[in-house]
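> Below is one structure. I have some questions about it.
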Ligand code: AGP
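Residue numbers (my numbering): 10 to 621.
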């Protein structure tokens, strides 16, 4: 997730761009860059690190003294290509007269890159973004809008582009395909940005750009064009304070990140899953023949990432029929490790820095296992310590309680399971294609859920039970890790004691906790264990418990057994965990907010646990 800001107006803009980037830094911070158009042409400066590094570089190059009144800036959160100055944006064409910043992912960049290379284009970065200035340049005949239109027709993926041409001072041309783009309207000046905070101190008048639209931004005008012509769009006045603006209008980062799950999942699938169910995961460092030889999979992780690993076990064992061992990293690292050559060890860590997970990965690597880091952070320690990598592309997660990175991890594990299943000939081509189609639908289903009254209802249920002193969570099969994750979310942000158990195991002890009115949250989505879960519900109700169920829409039967039901869209049972966890995130959120707590920074917790 990168941040973009552009400016066209009457003021020298270097400081406007740098301070705008600072307000976007929450979107990504591994490197940054800026381009200004002045009498010397397009002048670019880039730096690895945070904005302070870019400021230093701007000073060192003298660009900070530029009188330029037009420019663009970018703060990068790497997805394609390492964290280097060469990979930082802006990127330009060979002539240096077209400059581009991009947020998002160009899925077909590899094909475009080799096509451009065949035409003699020399690439200076490893990024997907660099194909864009070269494509624009190929079509450029003095009209940046026409060239942008021709270029974006060739691009697949989710991205926002802002481009400048040295030949067209006073004009920025932007294009949005899914990822955000907003315009700020000032007096004789215009801003273009990924998010409103970038320009909020300068103006509160904004124009919201829709997907598929090209926008031409000049100091005194903004014109928007879609496939059918010019679009009329009014100004929206923003009355958020700056803090709210940074959170995209949501009250907290956690809520924002819950709502970012559709794009996190979509980007994680990205260009990796093909229509025929074939999956490309070149970062694993294992070809199909090597994957076919994998004897066992070990998954090591902590906290929420561990719960994703538990879901991954069901997917991998079912789709690829490889035995999977899942363990919390802090235990795995101190046991006699029996992993070895022939084993695939997956360390799941969104931060890529969790000390116990890194140690467990190291232990397995020393034993000769092939170790893969499943992480959200490019170039993190986990990546450096591993033989291969599988990235989630969830964007930066700021809330301490992991939400979008968890569901993205499950989606990444589903991709891996599909790949293993094909490589081992467990899945037929047709079977893999069907599963691939189902997986591809998940981001839209999550979006549809979040937009639906069901999501609001999950929060209302949370508010209803917010004063309860204890919750028991139950689930079976793939619903079991979902219940674990729901319970962890609730305890970490609301400080309410929770117990999570496999539903079938509950009668071996935890049932003693129940009393009249004890709330029991039960994951009861459709699947082959549904009837068993209903039996467990009867058992807890017989002890006076109140049941809050997560169930599949259309399942009327569950309403007879539960006091409250949080319905989610129907998916194949093995993928249901991705949908079922979302109401539990919202439920936990509502409980914590009703208790007046700071959900983004819960007490005693750190986002990244780099100590044992
Ligand atoms: C999740 O809500 C927690 N903040 C925590 O359990 C977290 O998942 C755990 O510390 C692991 O972090 P990692 O994925 O960065 O390794």
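Cβ atoms here follow ideal geometry from the backbone N, Cα and C, with glycine treated the same way. Given the structure is predicted, the values throughout are model-derived calculations rather than measurements.
#1: Put residue 389 into one of helix, strand or coil per three-state DSSP.
#2: Answer yes or no: do residue 135 and residue 90 have a C-beta to C-beta separation smaller than 8 Å?
#3: Hey, could you find the ends of the beta strand (DSSP E) residue 464 is sitting in?
#4: In the structure shown, what three-state DSSP assignment does residue 400 receive?
#5: Exposed or buried, what is residue 32 when buried is set at 16 or more other beta-carbons lying within 10 Å of its beta-carbon?
#6: Using 10 angstroms around the beta-carbon of residue 18, count the other beta-carbons present and answer buried if the total reaches 16, otherwise exposed.
#7: Taking the continuous alpha helix (DSSP H) assigned at residue 42, which residues delimit it?
#8: Run through DSSP, which three-state label would residue 203 get?
#9: Just the C-alpha distance for residue 541 and residue 485, rounded to the nearest angstrom, thanks.
#10: Helix, strand or coil: which one does DSSP assign to residue 74?
#11: Quick check: what's the CA-CA separation for residue 394 versus residue 271?
#12: Between residue 402 and the rest of its own chain, which residues show a CB-CB distance below 8 Å, the 5 nearest in sequence each way excluded?
#13: Counting pairs of Cβ atoms below 8 Å between the stretch 543 to 558 and the stretch 570 to 582, do you hit three or more?
#14: Given this structure, state the Cα-to-Cα distance separating residue 564 from residue 535, to the nearest angstrom.
#15: Any contact of the stretch 487 to 502 with the stretch 587 to 601, i.e. 3+ C-beta pairs under 8 Å?
#16: Does the stretch 39 to 51 come within contact of the stretch 138 to 149, defined as at least 3 CB pairs closer than 8 Å?
#17: My output table needs one value for residue 119: the three-state DSSP class, helix, strand or coil.
#18: Run through DSSP, which three-state label would residue 508 get?
#19: If we ignore side chains and look at the alpha-carbon of each, how far apart do residue 368 and residue 338 end up?
#20: With residue 2 as the anchor, note down where its beta strand (DSSP E) starts and where it stops.
#21: If you follow the beta strand (DSSP E) that residue 482 is in, where does it begin and where does it stop?
#22: Taking the runs of the beta strand (DSSP E) that are 3 residues or longer, which of them lie wholly in the stretch 269 to 313?
#23: Hey, residue 435 and residue 328 are a contact pair by Cβ (cut 8 Å); roughly how many whole angstroms apart?
#24: Which term fits residue 547, buried or exposed, when burial requires 16 or more other beta carbons within 10 angstroms of its beta carbon?
#25: At the level of alpha carbons, what is the spacing between residue 245 and residue 109?
#26: Kindly indicate the opening and closing residues of the alpha helix (DSSP H) around residue 490.
#27: Under DSSP, the alpha helix (DSSP H) around residue 539 begins and ends at which residues?
#28: So what's residue 170 in DSSP terms, helix, strand or just coil?
#29: Would you say the beta carbon of residue 419 is closer than 7 Å to some non-hydrogen atom of the ligand AGP?
Considering the structure as presented:
#1: The sequence position of residue 389 within the chain shown is 380, counting from 1. If DSSP states are grouped into helix, strand and coil, residue 389 belongs with coil.
#2: Here the question's residue 135 lines up with position 126 in the chain shown. Here the question's residue 90 lines up with position 81 in the chain shown. When the beta-carbon positions are compared, residue 135 and residue 90 come within less than 8 Å of each other.
#3: Locating residue 464 in the chain shown gives position 455, where the first residue counts as 1. Looking at the DSSP string, residue 464 is not in any beta strand (DSSP E); the run it does join, the alpha helix (DSSP H), is 462 to 473.
#4: Along the chain shown, one-based indexing puts residue 400 at 391. Here residue 400 carries a strand assignment [DSSP, helix/strand/coil].
#5: For the purposes of this step, residue 32 is taken as the residue at position 23 of the chain shown. Classification of residue 32: buried, given that the 10 Å Cβ count is 16 or more.
#6: Numbered from 1 along the chain shown, position 9 holds the residue referred to as residue 18. Result: buried.
#7: In the chain shown, residue 42 corresponds to position 33, counting from 1. From DSSP, residue 42 is part of no alpha helix (DSSP H) but of the beta strand (DSSP E) over 40 to 47.
#8: Here residue 203 refers to the residue found at position 194 when the chain shown is read from its first residue. Reduced to three states, the DSSP call for residue 203 is coil.
#9: Within the chain shown, numbered from 1, the residue matching residue 541 stands at position 532. Within the chain shown, numbered from 1, the residue matching residue 485 stands at position 476. Approximately 8 Å between the Cα atoms of the pair.
#10: Here residue 74 refers to the residue found at position 65 when the chain shown is read from its first residue. It is helical.
#11: Counting from 1 along the chain shown, the entry for residue 394 is found at position 385. Counting from 1 along the chain shown, the entry for residue 271 is found at position 262. So the two alpha carbons sit approximately 30 Å from each other.
#12: Reading the chain shown from its first residue, position 393 is the one you call residue 402. Cβ within range, chain order: 88, 114, 273, 276, 277, 279, 385 and 417.
#13: Contact between the stretch 543 to 558 and the stretch 570 to 582 is present: 3 or more CB-CB pairs across the two stretches fall below 8 Å.
#14: Mapped onto the chain shown, residue 564 falls at position 555. Mapped onto the chain shown, residue 535 falls at position 526. Roughly 8 Å separates the two Cα atoms.
#15: Touching, per the Cβ criterion.
#16: Contact check between the stretch 39 to 51 and the stretch 138 to 149: fewer than three CB pairs, one atom from each, fall below 8 Å, which does not count as touching.
#17: As a first step, residue 119 must be located in the chain shown, where it is residue number 110. DSSP places residue 119 in the helix class (H, G or I) of the three-state scheme.
#18: Here residue 508 corresponds to residue number 499 of the chain shown, with the count starting at 1. Here residue 508 sits in strand by DSSP.
#19: As a working note, residue 368 is residue 359 in the chain shown. As a working note, residue 338 is residue 329 in the chain shown. Cα atoms of residue 368 and residue 338: separation of roughly 8 Å, rounded to the nearest angstrom.
#20: This structure leaves residue 2 out entirely; the chain is present only between 10 and 621.
#21: Start at 1 with the first residue of the chain shown, and residue 482 comes out as number 473. That run of the beta strand (DSSP E) goes 480 to 484.
#22: Counting only runs of 3 or more, we get 305 to 310.
#23: As a first step, residue 435 is located in the chain shown; it is residue number 426 there, counting from the start. As a first step, residue 328 is located in the chain shown; it is residue number 319 there, counting from the start. About 7 Å separates the two Cβ atoms, so the contact holds.
#24: Numbered from its first residue, the chain shown carries residue 547 at position 538. By the 10 Å Cβ count, residue 547 comes out exposed.
#25: Against the chain shown, residue 245 aligns to sequence position 236. Against the chain shown, residue 109 aligns to sequence position 100. Distance between the alpha carbons of residue 245 and residue 109: 27 Å.
#26: By one-based count along the chain shown, residue 490 stands at place 481. Looking at the DSSP string, the run of the alpha helix (DSSP H) that includes residue 490 is 488 to 503.
#27: Counting from 1 along the chain shown, the entry for residue 539 is found at position 530. Where residue 539 is concerned, the enclosing alpha helix (DSSP H) stretches over 539 to 551.
#28: For the purposes of this step, residue 170 is identified with residue 161 of the chain shown, where counting begins at 1. It is a strand residue.
#29: Counting from one through the chain shown, the residue named residue 419 turns up at place 410. No, Cβ of residue 419 sits at least 7 Å from all heavy atoms of the ligand AGP.
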